[in-house]
Amino acid sequence: GHNLQEHSVVLIRGGRVKDLPSVRYHIVRGTLDSDGVAKRRQGRSRYGAKRPKPGQAAAKGGKK
């Protein structure tokens with residue numbers, strides 16, 4: 001999901017999607033009005049997720 005609404009300001013980057021005609025841009029997550037992906041552990045950079053604190057990761061229990 002996402003938190004974007006009608007007048008949200010977003011940062012875009014180029015990057016087309018071969019399967020979808022005329023889709024040439026992606027939204028950069030975690031910048032301006034778009035939030036990062038919650039509970040993201042691996043590959044965090046592309047999704048605007050901060051590094052979890054060391055104590056938090058062990059307490060959550062990882063994947064379920």
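Everything in the sequence shown is counted per the numbering used here, starting at 1 for the first residue and increasing by one.
All C-beta atoms, glycine included, are put in the ideal place defined by N, C-alpha and C.
In this text, all values refer to a predicted model and were calculated from it rather than measured experimentally.
Are three or more beta carbon pairs between the region 11–22 and the region 36–52 nearer than 8 Å?
Contact fails: fewer than three Cβ-Cβ distances are below 8 Å.
Counting only the same chain and skipping the five closest in sequence on each side, list residues whose C-beta sits under 8 Å from that of residue 38.
So the qualifying residues of the chain are 49.
Report the rounded CA-to-CA distance for residue 34 versus residue 25, giving the unit in angstroms.
Approximately 15 Å, taken between the alpha carbons.
Select from 31, 40 and 14 the residue whose C-alpha is nearest the C-alpha of residue 23.
Residue 14 is the option with its Cα nearest to residue 23.
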